[in-house]
Amino acid sequence: MVQWEYDHRKINACSLVQKMDDLEEIGLEGWELVVIEPGIDDDGMANAIFKRPKE
0 MVQWEYDHRK
10 INACSLVQKM
20 DDLEEIGLEG
30 WELVVIEPGI
40 DDDGMANAIF
50 KRPKE
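For the sequence shown, counting from 1, position 4 maps to 3 in numbering that gives the first Met the number 0; every step adds exactly one.
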């Protein structure tokens with residue numbers, strides 16, 4: 000059975016290009032996007048939850 004570790008990060012929600020760059024960089028670390036929480040903070044950032052298999 001796979002065990003997962005989770006991470007919570009803020010990503011740029013205002014720029015599609017920047018958001019894709021952020022997600023690509025996080026993906027290269029082995030993280031898979033689970034959900035982007037609704038809502039954007041005053042800095043234009045959104046909360047995102049990621050998971051990857053525990054090593």
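Cβ atoms here follow ideal geometry from the backbone N, Cα and C, with glycine treated the same way.
If you're wondering where the values come from, they're calculated on a predicted model, not measured in any experiment.
Could you please give me the residues that DSSP links to residue i through a beta bridge?
i     : result
LYS50 : TYR5 and GLU31
ALA45 : ILE10
Counting only the same chain and skipping the five closest in sequence on each side, list residues whose C-beta sits under 7 Å from that of residue i.
i     : result
ASP6  : TRP30 and PHE49
LEU32 : LEU22, ALA47 and PHE49
Candidates the options: which alpha carbon is nearest residue i's?
i     : options                       : result
GLN17 : ALA45, GLU28 and GLU4         : ALA45
ILE39 : GLU28, VAL33, SER14 and LYS53 : SER14
Near residue i, which residues of its chain fall below 6 Å by C-beta distance, leaving aside the five closest residues on each side in sequence?
i     : result
ILE35 : ALA45 and ALA47
PRO52 : VAL1
Once you ignore the five residues that flank residue i on each side, which residues in its own chain have a CB closer than 8 Å to its CB?
i     : result
ASP41 : none
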